[in-house]
Every structure is written in C-alpha cells, then in structure tokens.
Amino acid sequence: MTATKTTAERHDGAVRADRAERADRAARAQADPVLTIEDFSVDYLGERVTHAVKHVSLTLGRGEILGLAGESGCGKSTLAYGVNRLLKPPAKIVSGRAVFHSREGTAFDLGLLEGEDLRAFRWDRISMVFQGAMNSLNPVITVQAQLEDIFRTHRPEMGRKERRERSGDLLERVGVDRSRLRSFAHELSGGMRQRVMIAMAMALGPQVMIMDEPTTALDVVVQREILREITRLREELGFAVVFITHDLPLLLEISDRIAVMREGEIVELGDAVDLYTNPQDDYTKQLLASFPSLTGARGDFIRTGEDATTTGTTSATAPPARATPTATATATEENR
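By my numbering, the letter at position 155 of the sequence shown is numbered 283, and the numbering carries on one by one without gaps.
In structure tokens:
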C-alpha cells in the first residue's frame, strides 16, 4: 500500500511539475513573440466565394509549441499555407497580416516579401513540414542529394565536403544513422522518411517550423518517437513549432498552448492543460468527449452525441458534423 501510494504521489508530482512548466513556458512565450498573426482571412475565389479562414489572430511565442486542432476541412492547412505565402489561385489573402519577429529584433511583414527574398525567408526563418511529407521525398535520388540541394541553393558558398558533413549531422540529429545518406526513399521506413523530412525543414536553422499533420499514417509507436524527437529538438535548438492536426489528444501531449479551429475561426485558445481540464467552448468539449476513455464505465459503442442527463445513454459526444449530409458537404467546401 505504501509503495502504491508513493508511486501515485510521484506521478501526481510529475503531472503538477509538467503543468507548471508548460504554463511558465506559455507565459514567457507571450512576452517574447516570434510570429504574430492579425485578423488573417483567406478566401477561395470563383463563382461562389468560399471563406476558408475568417479573421484569425494568433501569437506564437519563441520556443513555444502551439497546437492547431480542428476537424478536417476547418481551414487549418489553409491558414498555415497563407501565413507562409504558399497559397495559389484561386486562394487569396483578403485581410490581415503575419509578422515575423527575429531574434535580432527585426520585424518582417510576410505579405511584403517578394521573389528571392521570400524564397530565402521561407527556409532561413520559417520552414514547413507538409501534409503527406512521408511521401514527399524524391524517389530517384538519394537522401544525401536532396539534403545537399538545400545547401547548394541557399548556401552556395558551402563546399562539397561541408555539405556532406552537415547533411550527415542533420540525419543524426533526428535519430537516423548517417549511413542512410546513400539510401533512396523506398529503402527507408515510414518513420525514417518522416525524420528525413524534418531534417530537411531544420537544415538552415529556422526559428519557426510549421508542421502540418507530421505523424499521419504512422503507427502509434513510431508516432510517439517522432513526437519525442520534435520536443527534444525544440528544447535543443530553441525553434518554435505550429503543430497542425485533427488529433486533439496528441496535441494535449506535446503542446504548450492549443488553438481550436472550426469553420475557419478560432473558437478557443488556451494553455493545453487548462483546455483539457476546463474547456470553455462547447465545440472543444465535444471534441474532447469524442475520444474514448480507457477508464470508467463502458458506454455505447456508437456515440450518438446525445447527453446522458436527458437520454440515459453515455455522456460521450462526437463533434457534430452537421445536421444533414447537404450541410456537411457545404461546410467542407467552405473551409477546405
């Protein structure tokens, strides 16, 4: 009994320490922003205008992991692409701005960057791990050639030997042996390919990394390893992360703060632990309730979204897709 109590006390102490550390990091991040997004809106133009992102305002602190959660089609990726100036027609930024604050004290309005300045900025200051990155490696050239191409393009003064050394160092930093430099994409596991993509994104030492569903299609063991690497690299190198996913429990594990997005709008933003223990928005509550618990009474296999207080069924609820199939299709189109 004593041993069990001691173990429980140690666990509670670790939880309290983790919560305090996250809260402190979030507070410090707010005081030292690296990226501010102000009243940001994106439309898809056509016969019918689609309002994909609606007046979003966010602040990303230096060294912070900010989670961006929401169901598929809510506008998460469109927001990320818009901030990084990667949107193509018919998408158009219709209001707001994104400002990058460098460690040196210089502020850059990303909407004013053009041409070579914009291309260099994307890799030097802000980089991105794209959705489906596991399948983004070029299948006909080696990992080394793809890593060295970054240095050859953005660091033309770097010699061949230094490029090779830096490429090997990058692989080792993300947990891949440097002997894999000679490998092709098909010779790597899914987790290794994802690590290579993360290595490419951090090649030039960016201060912000935007990760769009970086663990999609990975099994849970590899997923946890990738999350551990991201956290370790953040602490080691000091970059900030915008982590985009529909997997809210995953964000609760890795994030300092979480923004919940629905229909192109931020409906709740707060400390990760507070959002889990005391969510304010009904949609956030429904998202949290949609994931099954490993403890407690067993509820219905199919979650109806009905409240236990009125129906006598399980209190677990699923995020309401929409009232009708027609409404669901419309919502998806409006927030792709």
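Beta carbons: idealized from backbone N, C-alpha and C, even for Gly.
Determine the closest residue to residue i out of the options, with distance taken between C-alpha atoms.
i	options	result
T343	V336, R301, I386, E357	E357
I338	R306, G239, L380, G210	G210
G233	E290, E315, S311, Q335	Q335
Q322	Q259, D399, R291	Q259
R308	S223, F279, Q274	Q274
T164	V184, L361, E175, E276	V184
S230	V257, G191, G201	G191
T405	S255, G333, L380	L380
Count the other C-beta atoms from every protein chain shown that fall within 10 angstroms of the C-beta of residue i, then say buried if there are 16 or more, exposed otherwise.
i	result
G319	buried
S169	buried
A208	buried
P377	exposed
L188	buried
E276	buried
V348	exposed
How is residue i classed by DSSP in three states: helix, strand or coil?
i	result
A159	helix
R190	coil
T359	helix
A345	coil
H535	What is shown of the chain runs 129 to 464, which leaves residue 535 out entirely.
T412	helix
D171	strand
K289	helix
G433	At G433, the pLDDT of 49 sits below 50, so the modelled position is not reliable; the number obtained from the coordinates is stated separately. Reduced to three states, the DSSP call for G433 is coil.
D277	helix
I338	strand
M262	helix
M330	coil
P229	One detail in the question is off: residue 229 reads as His in this sequence, not Pro. Strand at H229.
V401	helix
H183	strand
K220	strand
T206	helix
Keeping to the same chain, check which residues put their C-beta closer than 7 Å to that of residue i; ignore five residues upstream and five downstream.
i	result
K204	L196, G198, I372, M389
E341	Q259, I372, T373
Suppose the cutoff is 6 Å on Cβ atoms and the five residues either side in sequence are ignored; what does the same chain contact list for residue i look like?
i	result
L403	I386
T206	V170, A180, V181
E300	R306
R225	E166, D237, G239
F419	P377
If I measure Cβ to Cβ from residue i and keep anything under 8 Å in the same chain, skipping five residues before and after, which residues do I get?
i	result
L346	M262, G318, G319, Q322, I354
P407	E396, K413, L416
A248	H282
M286	F279, R280, R294
G174	P218
P161	T187, L188, G189, R190, H229
Could you check whether the Cβ of residue i sits closer than 7 Å to any heavy atom belonging to the ligand MN?
i	result
F249	Summarising the ligand content, the structure contains no ligands, and the ligand MN is consequently not present.
Could one say the Cβ of residue i lies closer than 8 Å to chain D's Cβ atoms, at least one of them?
i	result
L332	Among the chains in the structure shown there is no chain D, since it carries only a single protein chain.
(request) Indicate whether the contact test is met: 3 or more Cβ pairs, each with one atom in the region 320 to 337 and one in the region 290 to 302, closer than 8 Å. (result) Touching, per the Cβ criterion.
(request) Flag this pair as touching only if the region 213 to 229 and the region 376 to 394 have three or more C-beta atom pairs under 8 Å; answer yes or no. (result) Flag = no, the region 213 to 229 and the region 376 to 394 do not touch.
(message) I'd like to know if the region 258 to 272 and the region 308 to 319 are in contact, where contact means that at least 3 CB-CB pairs between them fall below 8 Å.
(response) The region 258 to 272 vs the region 308 to 319: in contact.
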